[in-house]
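Going by numbering that gives the first Met the number 0, the sequence shown opens with residue 0, and the numbers climb by one from there.
For glycine and all other residues, C-beta sits at the position ideal for the given N, C-alpha and C.
Following: one structure in structure tokens, then a few remarks.
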Amino acid sequence: MLDTAENELTAHATAWLDDLEAVATNTTPGSAAGLFLDACYWRDAVALTWTLQTVAGGPDDIGAALFPRLADMKAGNFKLEAAAETAVRVGREVIEAFFTFETKAGFGRGIVRLAPDENDGGKLKAWTFLTALEDLKGFEEKTGQRRPTGQSNSRDFRGPNWLDKRHAAENYADHDPVVLIVGGGQAGLATAARLGALGVDCLIVDRHERIGDMWRKRYHALTLHNQVQVNHMPYMPFPPTWPTYIPKDKIANWFEAYVEALELNYWTGTEFLGGAYDAAAGHWTVRLKRADGSIREMKPRHVVLAPGVSGVANRPDIATLENFEGRVVHSSEYTDGEDYAGKRAIVIGTGNSGHDISQDLWSSGAEVTMVQRSPTLVTNIEPAAQLPYMLYDSGPPLEDCDLITVSMPTPLVREAHVGYTDRSKELDAETLAGLRRIGFKLAHGEDGTGWQFLYLTRGGGYYFNVGCSDLLIEEKIRLIQFDDIDHFEAGGARHKSGEEIPADLIVLATGYKDTSTLVAKLFGDDVAEKVGPIWGFGDGLELRNMYRPTPQPGLWFIAGSLAQCRINSKYVAQQIKAMEEGLIGRDGKQL
0 MLDTAENELT AHATAWLDDL EAVATNTTPG SAAGLFLDAC YWRDAVALTW
50 TLQTVAGGPD DIGAALFPRL ADMKAGNFKL EAAAETAVRV GREVIEAFFT
100 FETKAGFGRG IVRLAPDEND GGKLKAWTFL TALEDLKGFE EKTGQRRPTG
150 QSNSRDFRGP NWLDKRHAAE NYADHDPVVL IVGGGQAGLA TAARLGALGV
200 DCLIVDRHER IGDMWRKRYH ALTLHNQVQV NHMPYMPFPP TWPTYIPKDK
250 IANWFEAYVE ALELNYWTGT EFLGGAYDAA AGHWTVRLKR ADGSIREMKP
300 RHVVLAPGVS GVANRPDIAT LENFEGRVVH SSEYTDGEDY AGKRAIVIGT
350 GNSGHDISQD LWSSGAEVTM VQRSPTLVTN IEPAAQLPYM LYDSGPPLED
400 CDLITVSMPT PLVREAHVGY TDRSKELDAE TLAGLRRIGF KLAHGEDGTG
450 WQFLYLTRGG GYYFNVGCSD LLIEEKIRLI QFDDIDHFEA GGARHKSGEE
500 IPADLIVLAT GYKDTSTLVA KLFGDDVAEK VGPIWGFGDG LELRNMYRPT
550 PQPGLWFIAG SLAQCRINSK YVAQQIKAME EGLIGRDGKQ L
């Protein structure tokens with residue numbers, strides 16, 4: 000269908016951009032009907048709407064949303080960045096073209112995907128259209144040729160040197176940060192790095208004693224479940240010698256190096272006690288408890304909560320568990336199974352943590368019983384679990400892969416993940432059959448959308464098999480259903496059949512509470528109610544209250560995988576910078 004020469008593909012894409020430019024600048028009358036297919040999408044990442052927004056529908060829907068923003072932002076100079084190419088996205092062959100453009104406020108990049116309109120003589124029209132902010136005019140990231148000069152042009156032997164200035168910056172003895180970031184994992188670090196490149200003063204606070212401890216202190220055998228090429232941090236990619244799957248201690252140590260290399264201000268051993276927002280003054284008043292027990296009050300204009308999806312441990316009220324006289328720990332507290340060699344353990348929960356901890360205990364010589372509470376998606380770590388990341392292993396530069404990821408609207412991503420899930424069921428057929436045989440209850444995600452949407456909607460409910468499923472199938476680890484437990488007693492659990500299931504340890508691999516619980520704890524029920532649900536989609540096409548202004552001015556949320564944080568930290572930082580420079584109001588709307 001689109002089997003044409005590269006120069007012809009490029010000519011088609013150029014012609015489409017020229018038509019868009021003509022409409023955007025009102026040099027010729029036009030309508031969206033001539034530019035967009037009957038079913039089409041426009042996603043904007045801060046460039047035209049100052050936020051993350053997706054519009055889906057027909058040409059009239061796109062035109063009504065897009066054209067006023069093009070005019071208001073004085074968007075123009077749409078130019079192809081490179082030759083257009085054919086691509087297959089969600090099973091559809093398209094012409095895919097990267098382009099650049101500019102607005103009165105910034106420089107942007109975008110992607111348009113063209114396909115023939117069979118109802119209009121095969122005319123090429125846009126199926127998806129992305130506009131993304133690359134840099135704010137006059138406030139570009141201080142990278143590359145715009146990097147800070149530091150002391151390279153100065154030799155003031157009596158003034159403070161670089162180290163003196165670093166100590167002064169991170170001590171905050173005589174000033175407060177503009178942005179306070181709560182949580183020093185990948186979300187907090189990526190956001191701080193982006194803000195630093197934009198010249199916005201920010202401080203990370205984290206309750207752990209050492210940078211990286213949120214990974215370092217997790218269970219002994221933990222490694223990342225997606226591959227290294229997907230997981231790079233902003234500005235500082237992992238070395239090419241690194242292993243495909245990064246061990247927890249390696250990523251923890253990298254976080255320490257990252258903070259030092261990028262000169263991020265970071266207070267360890269610091270607990271965020273909460274705060275209140277002064278709408279008239281436009282800032283928060285927050286309290287921090289330092290490692291020495293002292294209390295510091297600060298007045299940042301923005302608070303970014305970056306606790307990760309795994310925030311407050313969920314410890315369900317399990318009837319009769321209080322009868323158990325052994326040790327009960329949540330999965331977040333579990334570290335190593337070596338102390339349980341020759342002993343017995345019950346692990347309640349069948350997500351990643353439940354499986355990995357069960358496997359770790361078994362490998363340490365414990366007798367393990369895994370308890371399943373609800374159906375769980377299982378997919379082998381390779382190749383099935385890596386199907387959504389094939390783009391990052393196919394050759395395009397990381398920045399282009401990220402832009403392609405940003406460009407895909409949620410409905411199409413859902414459709415793609417149904418395909419990945421169907422393919423994974425074929426690849427994993429033997430494993431899944433073995434699990435069914437032992438009574439393991441399987442799920443495939445909401446409407447068959449697989450593990451990625453389980454993560455985006457509930458933060459769990461799946462397992463990447465790195466060997467525990469095989470142990471279950473071989474009955475080296477026992478599986479029982481929670482509903483088959485009659486009660487817990489001093490020495491373990493009692494099966495409804497009357498069988499005793501002895502235990503020295505019970506691990507609650509029962510997940511984490513939603514972020515709203517944390518908001519209520521830190522800022523009160525009124526703020527939590529005002530903000531509303533966090534994470535998941537609800538009825539919208541963007542994650543709720545993530546990476547963009549919330550109903551509570553000055554309060555931001557960022558969480559997710561390393562890739563999600565790398566990508567979306569850019570847009571969080573741009574929005575905050577735009578507010579600080581008076582380009583938009585505290586509500587995220589243009590002034």
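Cα-Cα separation, I593 to P548: The requested residue 593 does not occur in the structure, where the chain is confined to residues 0 to 590.
Any alpha helix (DSSP H) of 4 or more consecutive residues that is wholly inside the region 384-437: Taken in chain order, the complete alpha helix (DSSP H) segments of 4 or more residues contained in the region 384-437 are 397-406, 409-426 and 428-436.
For G510 and I210, the rounded distance between their alpha carbons: What you label residue 210 is simply residue 211 of the sequence shown in a count that begins at 1. What you label residue 510 is simply residue 511 of the sequence shown in a count that begins at 1. Computed Cα separation, rounded: 23 Å.
Option nearest P236 by Cα separation, candidates P176, K529 and A189: As a working mapping, residue 236 is identified with position 237 in the sequence shown. Nearest of P176, K529 and A189 to P236, Cα basis: A189.
Candidates V412, L123, L221 and V302: closest to L202 by CA position: Here residue 202 refers to the residue found at position 203 when the sequence shown is read from its first residue. Here the closest residue by C-alpha is V302.
C-alpha distance - A10 paired with A32, whole-angstrom precision: To locate residue 10, count along the sequence shown from 1; it is residue 11. To locate residue 32, count along the sequence shown from 1; it is residue 33. Each residue's alpha carbon lies about 20 Å from the other.
Cα-Cα separation, D485 to K495: As a first step, residue 485 must be located in the sequence shown, where it is residue number 486. As a first step, residue 495 must be located in the sequence shown, where it is residue number 496. Each residue's Cα considered, the two are about 5 Å apart.
A344 - partner residues in DSSP beta bridges: As a first step, residue 344 must be located in the sequence shown, where it is residue number 345. In DSSP, A344 forms a bridge with V367 and L504.
Local Cβ density within 10 Å of M0, reported as buried at 16 or more and exposed below that: In the sequence shown, the residue the question calls residue 0 occupies position 1. Reliability of the predicted coordinates at M0 is poor, the pLDDT of 47 falling under 50, and the value obtained from them is presented with this limitation in mind. Exposed, since its Cβ has fewer than 16 Cβ neighbours within 10 Å.
Beta carbon of R314 nearer than 8 Å to that of H329: What you label residue 314 is simply residue 315 of the sequence shown in a count that begins at 1. What you label residue 329 is simply residue 330 of the sequence shown in a count that begins at 1. Less than 8 Å divides the Cβ of R314 from the Cβ of H329.
Residues bridged to P236 (per DSSP): Stepping through the sequence shown from its first residue, residue 236 is reached at position 237. According to DSSP, which records beta bridges pairwise, P236 is partnered with nothing at all.
Entirely enclosed alpha helix (DSSP H) segments - the region 493-550, minimum 4 residues: Whole alpha helix (DSSP H) segments, 4+ residues: 514-522 and 524-530.
Boundaries (first-last residue) of the alpha helix (DSSP H) holding F452: Taking the sequence shown and counting its residues from 1, one reaches residue 452 at position 453. Counting along the chain, the alpha helix (DSSP H) containing F452 begins and ends at G449 to R457.
Close beta carbons around R112, own chain, < 6 Å, minus the five adjacent residues each side: Against the sequence shown, residue 112 aligns to sequence position 113. Cβ neighbours of R112 beyond the five flanking positions: V93, E95, W126 and T127.
Burial state of R145, where buried means 16 or more other Cβ atoms lie within 10 Å: Here the question's residue 145 lines up with position 146 in the sequence shown. Its Cβ having fewer than 16 others within 10 Å, R145 is exposed.
R209: CB within 7 Å of a non-hydrogen atom of the ligand COA: Ligands displayed in this structure: none; no statement on the ligand COA is therefore possible.
Test item: CB-CB of L554 and G273 under 8 Å: Taking the sequence shown and counting its residues from 1, one reaches residue 554 at position 555. Taking the sequence shown and counting its residues from 1, one reaches residue 273 at position 274. Not closer than 8 Å, so no.
Rounded C-alpha distance that separates L65 from A280: Counted from its first residue, the sequence shown places residue 65 at position 66. Counted from its first residue, the sequence shown places residue 280 at position 281. C-alpha separation (whole angstroms): 34 Å.
Extent of the continuous alpha helix (DSSP H) to which K164 belongs: Stepping through the sequence shown from its first residue, residue 164 is reached at position 165. Its alpha helix (DSSP H) spans residues W161 to N170.
Chain-order list of residues whose beta-carbon lies under 7 Å from that of H603 (same chain, five-residue window excluded): Outside the displayed span of the chain (0 to 590) sits residue 603, for which this structure offers no information.
CA nearest to the CA of E80, picked from E101, I61 and M72: Sequence index remark: in the sequence shown, residue 80 carries index 81 (1-based). Across the set E101, I61 and M72, the C-alpha of E101 shows the shortest separation from the C-alpha of E80.
Opening and closing residue of the alpha helix (DSSP H) in which R193 lies: Translated into positions along the sequence shown, residue 193 becomes position 194. Note, R193: alpha helix (DSSP H), Q185 to A196.
Minimum C-alpha distance to A558 - residue among Q185, P395, K512 and L507: The count along the sequence shown starts at 1 and reaches residue 558 at position 559. Across the set Q185, P395, K512 and L507, the C-alpha of Q185 shows the shortest separation from the C-alpha of A558.
P605: first and last residue of the uninterrupted beta strand (DSSP E) it sits in: Because the chain spans 0 through 590 in this model, residue 605 falls outside it and cannot be assessed.
N-terminal and C-terminal residue of the beta strand (DSSP E) that W41 is part of: By 1-based counting over the sequence shown, the position of residue 41 is 42. Going by DSSP, W41 is part of the beta strand (DSSP E) stretching over F35 to A44.
Counted within 10 angstroms of its Cβ, other Cβ atoms place A167 as buried (16 or more) or exposed: Taking the sequence shown and counting its residues from 1, one reaches residue 167 at position 168. That one is exposed.
CB contact flag (R585, P550, <8 Å): Counting from one through the sequence shown, the residue named residue 585 turns up at place 586. Counting from one through the sequence shown, the residue named residue 550 turns up at place 551. Going by C-beta atoms, R585 is not nearer than 8 Å to P550.
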